[in-house]
Structure formats: C-alpha cells, structure tokens
C-alpha cells in the first residue's frame, strides 16, 4: 500500500514540526554570564570579567569562554553561545 491517508501525512508533518521545536528549545537552554578571571601581572593580580556560557549535555555541564564584554554586548554573547551549542550538538 503506497497510498498514505491524510491523517498519516498530517501526523508526519506534526512530528517533523515537533522535532524542529525540540531542537530550537535545546538551543535556548543555556546560561550566559559574566565570570571573573584573575590574571597575575607585574604590578600584582588584576581581575577581569569575561562572558561565559554553560549548558548541559547528558549528565555533564559544558562551560565555554565567549568573549570580552568590551567587544560584545550580552545579546551578541548569547548569539555566539547558541552557535557554539548548535555545533556541539551537531545541529
């Protein structure tokens, strides 16, 4: 039987859409934050802040350096974090 019923076609369409929404939700599930990093200089220790992102992959938490707040906004940092997570997930 090569003929699909309209209900089967509609079900496949809904399942495909659900998969797309699931992948989009996975990209949204991350945290972008400013983290302090202390560097030792000739004049003594100096503390800088950088954007980091973290998300869960399985049972582990992945933490990634995103960039300097002097060079990017929080929105740009979030966009970069989503791109990194998409690459990590293979999406």
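Residue numbers (the working numbering): 1 to 91.
Using N, Cα and C, we set each Cβ at its ideal position, and we do this for glycine too.
Check, Outcome
"Residue 39 to residue 70 span [Cα, whole Å]", "17 Å"
"Local Cβ density within 10 Å of residue 29, reported as buried at 16 or more and exposed below that", "exposed"
"Counted within 10 angstroms of its Cβ, other Cβ atoms place residue 7 as buried (16 or more) or exposed", "exposed"
"Residues near residue 86 by beta carbon distance below 7 Å, same chain, minus five either side", "27"
"Cβ pair count under 8 Å reaching 3, the segment 75 to 82 against the segment 11 to 19", "no"
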